[in-house]
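Residue numbers (this note's numbering): 3 to 372. In this text, a Cβ means the ideal position worked out from N, Cα and C, and glycines have one as well.
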Ligand SMILES: NC(=O)c1ccc[n+]([C@@H]2O[C@H](COP(=O)([O-])OP(=O)(O)OC[C@H]3O[C@@H](n4cnc5c(N)ncnc54)[C@H](OP(=O)(O)O)[C@@H]3O)[C@@H](O)[C@H]2O)c1
């Protein structure tokens, strides 16, 4: 392939694939080289690019393998013509151990940066990170803030904070531009509410729908910050290559449009109550309690020996305690770069819950527990 290229990791994932479509559409003279570990995954994604797929070249490799699973010549060829690097690949599971999270999110990033250090034309490296590198911090979280020192709710958050640090340090040490794009948690594709990727939030909703979890931490005023995949993909595609984005961190978050937990529960229960089958089961509204009470509940569940409840509470423990660390994400840089804020959560939350409840996602995931 001749001409300028962007090297993309995670192009078969939820955000990477959507961002790549938009980048190629907006930059008709740019080609892409994508690192994939399984070419069949790419074959499934490629049709979403239409004719632009012809401008994409595959490199089969693995972030977990030494040298990305490429020999020195392949790594050098992978970088020919590459002017920008978009690193969107990650292991996004909240329940993994720290070693396992680091193996891809930190060491994989390090392997990628080691290879990229010898790509002579590379100017910009953009890392897709998470807003929850802020971990257990509370209050306002500014885009300029370094990842927290207050600890993290899970190993994923911590590993992404470590990856951010790697990218910034690498940029400084190698005289290359870096950009960090911190996404909030994606809950649906667009404001229509369709869900193509089920994550911890949907699984938690499923447990609350089934009446399997009676409590969650936080206060009714705790804001829940989530986003749509469309918004984040648009933002990545607009900002990753933008000239003003060098050395800047962007929080791709609902920000001022986040929804208070109390209102979010009201909206969710309003949708569920419409189903006679759910009303018949008379599931109580989950109690919102402070973290100390929630921890007491977790401990008593551990001690009761009820296997099902232990599993449920165990699965929530990797994520739900984040609600006890209320924060408000500042989105000044992102709003300025995009000319608009993210869509407010109350514009699509009900749609998303309706889609889950009526099974139009194809997963019918809430009906499964009824
Ligand atoms: N989705 C969210 O709610 C969210 C929120 C905040 C931040 N983020 C960040 O956004 C980025 C993209 O997330 P996503 O939701 O699009 O993730 P995803 O759908 O789970 O996709 C992950 C991508 O990483 C690739 N990958 C995983 N392990 C790899 C390895 N060892 N070598 C090479 N590629 C590997 C996957 O390839 P395969 O197709 O082979 O599995 C896939 O393309 C991540 O950095 C994540 O931390 C996501």
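Helix, strand or coil at residue i [DSSP, three-state]
i: residue 187; result: strand
i: residue 179; result: strand
i: residue 211; result: helix
i: residue 141; result: strand
i: residue 65; result: coil
i: residue 346; result: coil
i: residue 299; result: helix
i: residue 251; result: strand
i: residue 243; result: coil
i: residue 200; result: coil
i: residue 365; result: At residue 365 the pLDDT is 46, less than 50, meaning the model places this residue with poor confidence; the figure from the coordinates comes in the next sentence. If DSSP states are grouped into helix, strand and coil, residue 365 belongs with coil.
i: residue 169; result: helix
i: residue 124; result: coil
i: residue 147; result: coil
i: residue 77; result: helix
i: residue 95; result: coil
i: residue 114; result: helix
i: residue 108; result: coil
i: residue 335; result: helix
i: residue 2; result: The displayed coordinates of the chain run from 3 to 372. Any statement about residue 2 would go beyond what the structure contains.
Span separating the alpha-carbon of residue i from that of residue j
i: residue 273; j: residue 295; result: 28 Å
i: residue 176; j: residue 119; result: 7 Å
i: residue 128; j: residue 310; result: 42 Å
i: residue 280; j: residue 213; result: 10 Å
i: residue 24; j: residue 149; result: 29 Å
i: residue 372; j: residue 53; result: Only weak support exists for where residue 372 lies, its pLDDT of 37 falling under 50; the coordinates are left without a value.
i: residue 91; j: residue 278; result: 42 Å
i: residue 265; j: residue 222; result: 7 Å
i: residue 225; j: residue 316; result: 23 Å
i: residue 157; j: residue 26; result: 33 Å
i: residue 41; j: residue 64; result: 12 Å
i: residue 108; j: residue 168; result: 8 Å
i: residue 201; j: residue 189; result: 8 Å
i: residue 351; j: residue 269; result: 8 Å
i: residue 171; j: residue 354; result: 39 Å
i: residue 46; j: residue 306; result: 46 Å
i: residue 336; j: residue 93; result: 24 Å
i: residue 332; j: residue 276; result: 36 Å
i: residue 204; j: residue 234; result: 18 Å
i: residue 140; j: residue 55; result: 43 Å
i: residue 184; j: residue 131; result: 4 Å
i: residue 57; j: residue 7; result: 9 Å
i: residue 106; j: residue 284; result: 44 Å
i: residue 125; j: residue 193; result: 35 Å
i: residue 228; j: residue 256; result: 6 Å
i: residue 198; j: residue 191; result: 7 Å
i: residue 364; j: residue 74; result: Model confidence at residue 364 stands at a pLDDT of 42, short of 50, so the residue's coordinates are unreliable; what they give is reported in the following sentence. One C-alpha to the other measures close to 44 Å.
i: residue 370; j: residue 321; result: Residue placement at residue 370 is flagged as unreliable, the pLDDT there being 48, under the threshold of 50; the coordinate-derived value follows with that caveat. Using only the alpha carbons, I get a separation of about 22 Å.
Buried/exposed call for residue i, threshold 16 Cβ in 10 Å
i: residue 173; result: buried
i: residue 289; result: exposed
i: residue 298; result: exposed
i: residue 18; result: buried
i: residue 327; result: buried
i: residue 21; result: buried
i: residue 98; result: buried
i: residue 323; result: buried
i: residue 15; result: buried
i: residue 236; result: buried
i: residue 248; result: exposed
i: residue 342; result: exposed
i: residue 164; result: buried
i: residue 77; result: buried
i: residue 28; result: exposed
i: residue 5; result: exposed
Presumed contact (8 Å Cβ cut-off) between residue i and residue j, rounded CB distance
i: residue 133; j: residue 186; result: 5 Å
i: residue 178; j: residue 261; result: Incorrect: roughly 38 Å between the Cβ atoms, too far for contact.
i: residue 123; j: residue 85; result: 5 Å
i: residue 34; j: residue 10; result: 6 Å
i: residue 100; j: residue 160; result: 7 Å
i: residue 51; j: residue 113; result: The pair is not a contact, with the Cβ atoms about 26 Å apart (cut-off 8 Å).
i: residue 303; j: residue 209; result: Actually they do not touch by this definition, with Cβ atoms about 13 Å apart.
i: residue 287; j: residue 271; result: 6 Å
Beta-ladder partner(s) of residue i, from DSSP
i: residue 225; result: 262
i: residue 130; result: 183
i: residue 230; result: 190
i: residue 59; result: 35
i: residue 217; result: 289
i: residue 89; result: 11 and 129
i: residue 330; result: 142
i: residue 315; result: For residue 315, which the question treats as bridged, DSSP gives no partner whatsoever.
i: residue 84; result: 7
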